[in-house]
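Top to bottom, those sequences are chains A and B. All letters in the first sequence, in the order written, are residues 1 to 488 by the working numbering. All letters in the second sequence, in the order written, are residues 489 to 583 by the working numbering. Using N, Cα and C, we set each Cβ at its ideal position, and we do this for glycine too. No experiment lies behind these values; they were computed from the predicted model shown. Heads up: the structure comes next, in structure tokens.
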Amino acid sequence: MNNLTALTIAAAREGLKKKQFSALELTDAYLAAMEKARVLNAYVVETPEKARDMAKASDAKLAAGQGGALEGIPLGIKDLFATEGVHTQACSHVLDGFKPQYESTVTANLWRDGAVMLGKLNMDEFAMGSSNETSYYGNVINPWKRNNSNAALVPGGSSGGSAAAVAAHICAGATATDTGGSIRQPAAFTGTVGIKPTYGRCSRWGIVAFASSLDQAGPIARDVRDAAIMLKSMASVDAKDTTSVDMAVPDYEAAIGRPIKGLRVGIPKEYRVDGMPAEIDALWQKGAEWLKAQGAEIVEISLPHTKYALPAYYIVAPAEASSNLARYDGVRYGLRVPGDDIVDMYENSRAAGFGREVQRRILIGTYVLSAGYYDAYYVRAQKVRTLIKSDFDKAWDKVDVMLTPATPSPAFAPGEITDPVQMYLNDIFTVTVNMAGLPGISVPAGLSADGLPLGLQLIGKPFGEETLFQAAAAIEQAAGVYTAPQWW
Amino acid sequence: MSVDQNTVKRVARLARLKVKDEDVPRLAGELNAILGFIEQLNEVDVSSVEPLTSVVTMKMKMRRDTVTDGHYPQMIVANAPAQDDDFFMVPKVVE
């Protein structure tokens with residue numbers, strides 16, 4: 001069989017089970033595709049030897065009639081996940097040469113289930129960015145281009161490498177993380193499916209920390225079913241992360257195809273923001289019509305504090321980041337730049353090691369936590385967060401799931417947005433979900449006038465991931481699946 | 489509230505980030521733009537609201553206060569830029 005890289009995870013799983021091809025053949029097909037697609041800069045490190053060893057081990061298991069849920073499936077791993085003995089730098093200069101002595105819980109779960117690691121994926125430095133332009137390893141190129149244009153576009157961020165690699169079929173699926181929209185926004189920009197599960201669903205252990213009260217891991221995949229298959233393996237309770245939740249992980253795949261008749265879908269009116277492009281609004285309405293046509297009930301709802309989510313996020317996230325990133329001091333790992341004394345060495349190492357956006361957020365975070373400002377900024381933001389969460393809590397009496405646009409625009413060009421606050425506005429529809437700890441999924445729903453993918457977001461109740469997969473599959477059924485034309 | 493150049497220098501010092509003098513005006517401008525954006529939170533009445541401490545309703549897990557891990561100093565220092573005899577090496581701190 002040729003073109004093995006065109007298979008979804010579900011199709012590859014079937015082909016492997018029926019012995020139509022081996023795990024090694026599948027992995028080799030991906031390794032060859034990765035080599036051809038290097039212009040996208042999606043991978044920062046390829047691990048072909050490790051991949052082939054893992055694939056051979058999968059073949060042995062499959063031959064013996066054994067193997068886990070992802071046996072022999074080749075995956076890309078965001079550079080934020082600690083992978084034992086393999087480059088793990090959050091795409092930052094400050095972590096130069098860092099090779100963890102341990103494996104993150106999420107990736108360990110994937111390997112336990114038989115997945116194969118192809119390499120580490122590019123991302124915004126420390127997951128701070130919405131365009132993958134802050135990586136120390138350079139920009140990622142979106143596999144999608146505008147109609148009749150050769151201009152490069154960003155893949156979104158921070159999980160830009162993950163989204164681009166999935167869209168370009170240079171991995172079967174990818175791990176990603178989401179602090180304010182870093183799974184859902186790049187998924188929307190690349191025509192892929194990305195889910196940020198409920199806070200606590202996946203263990204954060206071994207994931208380089210950005211903002212600990214907001215960070216969650218999740219998959220980016222080609223379709224809703226593949227995302228469900230991956231999340232089932234990634235999620236677990238973990239003694240090493242006290243915020244991980246001790247609840248059985250459901251069979252998410254079983255939710256796909258469940259009728260949505262009677263499902264109450266909320267349309268939060270505050271998401272109809274000023275200046276929203278007409279095509280985004282039209283897509284949103286189309287999504288609601290699709291769900292309604294399949295028997296769902298559309299309910300207008302109100303989340304009054306929506307507009308305060310982004311400003312509150314830009315206090316909470318930098319504050320937590322400034323604390324988390326204090327550990328990079330040139331002593332225990334990574335870059336050391338000598339100085340006159342130890343403090344000078346710390347300051348030199350951090351100034352040389354962190355990029356501009358990361359330094360900006362550390363400064364904001366340090367400022368809002370500093371003496372005299374803590375109550376005015378940080379405590380006020382956490383109070384606003386209580387109000388945002390309570391808006392959702394009240395709405396769940398009326399609806400089972402919410403539908404919103406995933407992003408305020410399709411993918412843009414590198415260098416097009418230089419103002420930090422303008423860049424932050426990319427997360428306007430996704431960030432509330434992190435502030436309230438809820439699950440959210442981005443699903444492709446159409447193309448812009450320029451031929452670029454656009455996504456819709458579904459927001460669920462705490463641990464309502466099954467409902468998200470069920471409703472997302474209904475949208476996918478109506479909208480279809482989008483594949484980037486190959487130009488590389 | 490807006491930050492002046494001295495505040496930028498003070499905060500950079502607290503954050504252990506060396507900032508070049510010529511970069512201070514630019515940083516002050518960027519921080520003020522972000523703080524200006526954040527300012528809109530002052531419109532919200534939070535007088536009777538408790539700050540959020542956990543997004544998920546769950547009981548904080550407790551564990552026994554015992555040693556469950558360790559005894560591998562070589563692994564701990566393996567990534568250090570400078571190490572000797574299982575210690576992290578740093579510039580002289582005490583005269």
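Q: Have a look at A/G446 and A/H305 and give me their C-alpha separation to the nearest angstrom.
A: 29 Å
(Q) One question on the structure: do A/I364 and A/P318 come within less than 7 Å of each other, judged by their Cβ atoms? (A) Yes; because the gap between Cβ atoms is below 7 Å, this pair is in contact.
(Q) Give me, in chain order, the residues of the same chain whose beta-carbon lies closer than 8 Å to that of A/K261; leave out the 5 immediate sequence neighbours on both sides. (A) Q294, G295, A296
Q) Where do the ends of the alpha helix (DSSP H) carrying A/M34 lie? A) Per DSSP, A/M34 is one residue of the alpha helix (DSSP H) stretching across 23-36.
Q) Which same chain residues, not among the five before or five after A/G138, have their C-beta less than 6 Å away from its C-beta? A) N41
Q. Can A/I428 and A/P408 be called in contact, C-beta distance under 7 Å?
A. yes
(Q) Taking 7 Å as the threshold (beta carbon to beta carbon), is A/R350 in contact with chain B? (A) Answer yes: the Cβ-Cβ gap between A/R350 and chain B drops below 7 Å somewhere.
**Q.** Beta-carbon spacing of A/D178, A/W205 below 7 Å
**A.** It is not a contact, given that the beta carbons lie outside the stated cut-off.
Q. Any idea which residues DSSP pairs A/I491 with across the strands?
A. There is no way to answer for residue 491 of chain A, as the model of chain A reaches only from 1 to 488.
Q.
Count Cβ pairs between the region 351-369 of chain A and the region 90-98 of chain A that sit closer than 8 Å; are there 3 or more?
A. yes
Q | Which of helix, strand or coil DSSP assigns to A/F392 | A | helix
Q | Simplified DSSP state of A/I428, which is helix, strand or coil | A | coil
(Q) Any C-beta of chain B within less than 8 Å: which residues of the region 383-395 of chain A qualify? (A) K383, V384, R385, T386, L387, K389
Q: Reducing DSSP to helix, strand and coil, say where B/D572 ends up.
A: strand
Q | Within 7 Å, strictly: CB atoms of A/T105 and A/D246 | A | no
(Q) Assuming contact is defined by CB atoms lying nearer than 7 Å, are A/T430 and A/G181 in contact in what I supplied? (A) yes
Q) In angstroms, rounded to a whole number, what distance separates the CA positions of A/F210 and A/V331? A) 20 Å
Q | Presumed contact (8 Å Cβ cut-off) between A/T198 and A/P439, rounded CB distance | A | Rounded, the Cβ-Cβ distance is 5 Å, consistent with contact.
Q: Tell me whether A/D178 sits in a helix, a strand or coil according to DSSP, three-state version.
A: strand
Q: Tell me A/E538's beta-bridge partners as DSSP assigns them.
A: Residue coverage of chain A in this structure runs from 1 to 488, which leaves residue 538 of chain A outside it and unanswerable.
**Q.** Any chain B beta carbon closer than 7 Å to A/F98
**A.** yes
Q. Can you tell me whether A/Y328 is buried or exposed, with buried defined as 16 or more other CB within 10 angstroms of its CB?
A. buried
Q | Within 8 Å of chain B by C-beta, residues of the region 403-423 of chain A in sequence order | A | D419, P420, V421
Q. What first and last residue would you give for the beta strand (DSSP E) that runs through A/K196?
A. 193-196
Q.
I need the straight-line Cα distance from B/R498 to B/Q528, nearest angstrom please.
A. 25 Å
Q: Could you name the residues of the same chain whose beta carbon sits closer than 6 Å to that of B/G524, not counting the 5 residues immediately before and after it, in chain order?
A: none
Q: Would you kindly check if the distance between the Cβ of A/A29 and the Cβ of A/L7 is under 7 Å?
A: no
Q: Please name the residue in A/Q101, A/T83, A/V481 whose C-alpha comes closest to that of A/A108.
A: A/T83
Q. Is A/M1 helix, strand or coil by DSSP?
A. Summary for A/M1: the model assigns pLDDT 49, below 50, so the residue's position carries little reliability, and this model does not support an answer.
Q.
I need the boundaries of the beta strand (DSSP E) containing A/L121, first residue and last residue.
A. 116-121
Q: Below 7 Å CB to CB, which residues in the same chain sit around A/P259 once its five sequence neighbours on both sides are set aside?
A: Non-local beta-carbon contacts of A/P259 in its own chain, meaning distances under 7 Å to residues more than five positions away in sequence, involve G295 in chain order.
(Q) With distance defined between alpha-carbon atoms, name the residue in A/P311, A/P277, A/A12, A/V44 nearest to A/P74. (A) Of A/P311, A/P277, A/A12, A/V44, the residue nearest in Cα terms is A/A12.
Q: Look at the Cβ atom of B/V507, then the Cβ atom of B/A500, and state whether they are nearer than 7 Å.
A: yes
Q. Which of the three DSSP states, helix, strand or coil, is assigned to A/L335?
A. coil
**Q.** Residue-chain proximity (B/D573, chain A), Cβ-Cβ < 7 Å
**A.** no
Q) So what's A/A445 in DSSP terms, helix, strand or just coil? A) The three-state reading of DSSP puts A/A445 in strand, counting E and B together.
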